[in-house]
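Be aware that the sequence shown starts at 1, since it is given in our numbering, and climbs by one per residue.
For glycine and all other residues, C-beta sits at the position ideal for the given N, C-alpha and C.
Values in this document were obtained by computation on a predicted structure and should not be read as measured data.
Just below is one structure, and these are the notes that go with it.
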Amino acid sequence: MPAHQLAPDIPPEMPTDVLAAEQAHLAESRAALKAMRAHAQSLSADAAGDWVSQQVLQSLLDQRVAALADHPDTPLFFGRLDRAAGDDLPGTIYVGRRHVHDGGSKPLVIDWRAPVSQAFYQASPADPMGVVRRRRFGYHGGHLTAFEDEPLGEGVEIGPSKILTDEIERPRTGPMRDIVATIQPDQDEIVRATLAQTVCVQGAPGTGKTAVGLHRAAYLLYTHRERLARSGVMIVGPNRAFLSYISSVLPALGEVKVDQTTVAGLLGEHTAPEDPLVAAVKGDARMAAVLERALWLHIVKPEEGLVFTKGAYRHRVADYEVREIVASLRGTTRYNPGRAALAQRLAHMVLVRMEQRGESPDDRVQDAVARSKPVKQLVDAVWPKLAPEQVLHRLLSDPEFLARAAKSDLSPDEQEMLIWRKPYRSWKSAKWSAADAALLDELRDHMERTPSLGHLVVDEAQDLSEMQLRALGRRCRNGSATVLGDLAQGTTPWSTSSWESVLEHLGQREGEVTELTLGFRVPREVLDYAARLLPSIAPDLAAPRSLRPGLGSLTVRPGGSIAQAAQEALAKDGSIGVIVPDALVTEASRSLASLPHAVLDPDSAEEHRLLIVPATLAKGLEYDHVIVVEPADIVEAEPRGLARLYVVLTRAVTSLTVLHDKALPAQLAA
């Protein structure tokens, strides 16, 4: 087959006979995947016995069909291992996004997560792991265009991979891509960490920490499919725009059943405005003890006993006996189960009285007594039925009650800050803030145990309050977590300065902290420029390094035009993010009126080649070309403005243009 028929971008020096053989294997693999999907579609759930089982089976079949979908613009395999003889494994293994076999169950592509595939990422001349040669493939539009061989013999030196570099630097538009073809050895070690191990990744900009977290989720689902299918995996990101940006990564890896949400989506979409200083107090872990006391303060000391009448007999439980039951339950159970247990204990005491009179009551009688009016009235008086909102409403509107609950955990000034200036008429009409959502969740867990997931991936974790971390920790108390973030990018009033503190409040003290400092995405010239801010925002962090020199990637332009900079970027390949102070979004949109563009919204992710991005939404996103407008205004807009600017300056993959009329921050002007 002539080279131009294989693919349009094959270099003239590339051996076409080798490419033709590899393209034939690709075509065979695609045909086999299509057959596997057709077979899955042909299966019927009718074989299941009852309707419920049929629905469950049909859901599993639908997931299987979705997981076998081919993505023609992405390579089905991206690597090949030629192995030394000596074991039962095939001599040649193709590594790809999922397992593909032919009609005779012969493997054509091995899933990148399989143990044998680990050598593709970890093998080296010093430790070839049984591999003689590693081959990487280059693709364009789903067509195989090139290959690159790396012999793995003793004394062999491996230079930089052009295919690897081209894939990392390839311009992008739209959502984030998977990095399965470019995972580096230190990233692979994190991805393949055991399910029981909680891993915390401190990752400098461009080190791929988000992608590593997503790929770890995919790896764990592959390795522990049955267990995690029951307990679940969840991705928690900072906002919906971020979730939309990462939304296609796991489906591209064949994982279609992973919940992705934000902290607000998990705890409640509460948006009442609040002073950041008040929010910071509410986010402090000391609030946990305050909330626990506030809840249990609603239980009152029983002053009367119980009288239950049945026929001619009156069965009495003395007041001191009621007090003993309440005392034995308090602090040994959650609030709602304790309330139910109180009713059952009282009913049991009544049954004892019945037996003493010669009756033979059974469990049905006990349940009837527990539901009777006298028992209900006593339980309601002593151990009242509550909603979390009721408790928090009382706490924030009643200074005396707050003082009793706070004891010495909160200072008088902090208590005064928490009290509403204009209390809501009732808990049902109250408007809650984002910080309140974590407090309500804490109370809810004291009332009923929060179910635990098998694994939780938390991104941008440095921005979470201690109370938010406790809420997330409850979701993985019987599982593990992958915690991702960068201390230098903390932009909230409660941003942490210690990953050990994050793990403690998450309830994962045994978690392992690891650091990624070598960047693959952000050019060195851009990263070094942004790193001038580090001594002011995170002096204890090592300066990040980039593998890409990026000479000429940085332009700092006083008095530059947004429209002109955007037109220059449009003349190049790739996506463009115009990052501006939030207050200048409308003005920036007017400046670009002559160019097709969209504005990124926190609740919806616009897909457009030219996007205006509010500075507060830039975290976690990447664009080939970034235009940053008025850094001084970004810094002045919030208390941790320098950290916000660091985030903004490190979103560029190819070029960064800084436009300013006002003087640059002193750290950048140096």
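Once the 5 residues before and after Ala-675 are set aside, which same chain residues still bring their CB inside 8 Å of it? Residue 675 lies beyond the stretch modelled for the chain, which goes from 1 to 670, so this question has no answer here.
Just to confirm, are Leu-396 and Leu-418 a CB contact at a threshold of 8 Å? Yes; because the gap between Cβ atoms is below 8 Å, this pair is in contact.
With a threshold of 16 other CB atoms inside 10 Å of the CB of Glu-645, please say whether the residue is buried or exposed. Reading the sequence as shown, one finds Leu at residue 645 and not Glu. Classification for Leu-645: buried.
Less than 7 Å between C-beta atoms, sequence neighbours within five positions excluded: which residues of the same chain meet that for Ser-372? Closer than 7 Å at Cβ, skipping near neighbours: Phe-308.
Looking at the structure shown, is Gln-118 part of a helix, part of a strand, or coil, going by DSSP? The three-state secondary structure of Gln-118, taken from DSSP, is helix.
According to DSSP, Met-234 sits in a beta bridge with which residue or residues? In the DSSP output, where bridge partners are listed per residue, Met-234 has Asp-259, Leu-456.
Quick one, which of Met-36, Glu-587, Val-556 has its alpha-carbon nearest Arg-64's? Of Met-36, Glu-587, Val-556, the residue nearest in Cα terms is Met-36.
Every unbroken alpha helix (DSSP H) within the segment 487-528, with a cutoff of 4 residues, ordered by chain: If we require 4 residues or more, the alpha helix (DSSP H) runs fully inside the segment 487-528 come out as 499-506.
Alpha carbon to alpha carbon, how far is Glu-442 from Arg-470? About 8 Å.
Between which two residues does the alpha helix (DSSP H) holding Pro-451 run? Here Pro-451 belongs to no alpha helix (DSSP H), and DSSP marks it neither H nor E.
Label Gly-473 either buried or exposed according to how many other C-beta atoms from any shown protein chain fall within 10 Å of its C-beta, with 16 as the threshold for buried. Answer is buried; the Cβ neighbour count reaches 16.
Counting along the chain, where does the alpha helix (DSSP H) carrying Val-317 start and finish? No alpha helix (DSSP H) contains Val-317, which is instead part of the beta strand (DSSP E) from 313-317.
Taking the beta strand (DSSP E) that Leu-642 falls in, what are its first and last residues? Per DSSP, Leu-642 belongs to no beta strand (DSSP E); it is in the alpha helix (DSSP H), 641-649.
If you drop the 5 nearest sequence neighbours on each side, which residues of the same chain put their C-beta closer than 8 Å to that of Asp-259? Same-chain partners within the cutoff: Gly-232, Val-233, Met-234, Ile-235.
Spatial neighbours of Leu-351 within its chain, please: C-beta separation below 6 Å, excluding the five flanking residues on both sides. Once the five neighbours on either side are set aside, the close Cβ partners of Leu-351 are Pro-361, Gln-366.
CB Ala-211 to CB Leu-253, shorter than 8 Å? Not in contact: Ala-211 and Leu-253 (Cβ atoms no closer than 8 Å).
Can you tell me where the beta strand (DSSP E) holding Val-556 begins and where it ends? In this chain, the beta strand (DSSP E) harbouring Val-556 covers 554-558.
If you reduce the DSSP assignment to three classes, tell me which class Gly-203 lands in. In the structure shown, Gly-203 sits in a strand (DSSP, three-state: E or B).
Identify whether Gly-79 lies in helix, strand or coil by the three-state DSSP scheme. Gly-79: strand per DSSP, three-state reduction.
Where the beta strand (DSSP E) through Tyr-424 begins and ends: Looking at the DSSP string, Tyr-424 is not in any beta strand (DSSP E), and its letter there is neither H nor E.
In this structure, what does DSSP give as the bridge partners for Lys-310? Note: Lys-310 sits in a beta bridge opposite Tyr-313.
Nearest to Ile-324 by CA position, among Asn-239, Lys-301, Arg-314, is which residue? Residue 324 is actually Glu in this sequence, not Ile. Checked all of Asn-239, Lys-301, Arg-314; the closest Cα to Glu-324 is Lys-301.
If you drop the 5 nearest sequence neighbours on each side, which residues of the same chain put their C-beta closer than 7 Å to that of Asp-149? Non-local C-beta neighbours of Asp-149 in its own chain, meaning closer than 7 Å and more than five positions away in sequence, comprise Arg-133, Arg-135, ordered along the chain.
Environment of Ala-669 [buried if 16+ CB atoms lie within 10 Å]: Exposed: under 16 other Cβ atoms inside 10 Å.
Using the Cα positions of Ala-438 and Ser-429, report the straight-line distance between them to the nearest angstrom. When rounded, the distance between both Cα atoms is 19 Å.
According to DSSP, is Ala-7 helix, strand or coil? With a pLDDT of 43 at Ala-7, under the threshold of 50, the modelled position of this residue cannot be trusted, and the question is left open.
Look up Gly-485 in the DSSP assignment and give the residues it is bridged to. Its beta-bridge partners are Gln-202.
Let me confirm a value: His-4 is counted as buried when at least 16 other C-beta atoms fall within 10 Å, else exposed. Which label applies? Note that His-4 scores a pLDDT of 31, beneath 50, so its modelled location is shaky; the value from the coordinates is reported in the next line. By the neighbour-count rule (16 or more Cβ atoms within 10 Å), His-4 is not buried but exposed.
Measuring CB to CB, does Gly-155 end up less than 8 Å from Pro-125? Taking 8 Å as the cut-off, the beta carbon of Gly-155 is found closer than this to the beta carbon of Pro-125.
Simplified DSSP state of Thr-92, which is helix, strand or coil: The three-state reading of DSSP puts Thr-92 in strand, counting E and B together.
Range of the contiguous alpha helix (DSSP H) that encloses Asp-111: Segment 107-111 is the beta strand (DSSP E) holding Asp-111; no alpha helix (DSSP H) there.
Since Arg-52 and Leu-76 are thought to touch, with beta carbons under 8 Å apart, how far apart are those beta carbons, to the nearest angstrom? According to the sequence shown, residue 52 is Val rather than Arg. Not quite, the Cβ-Cβ distance comes to about 36 Å (not below 8 Å), so this is no contact.
What does DSSP give as the partner residues of Ile-579 in its beta bridges? Beta-bridge pairing links Ile-579 to Val-613, Val-628.
Sub-8 Å separation of Ile-168 and Arg-521 beta-carbons: Yes, the pair counts as a contact, with Cβ atoms nearer than the cut-off.
Does the segment 537-548 touch the segment 571-578, meaning 3 or more C-beta pairs lie closer than 8 Å? Judged by pairs of C-beta atoms under 8 Å, the segment 571-578 does not touch the segment 537-548, as fewer than three such pairs exist.
Under 8 Å, do Gly-620 and Asp-459 count as touching if we go by C-beta distance? Going by C-beta atoms, Gly-620 is nearer than 8 Å to Asp-459.
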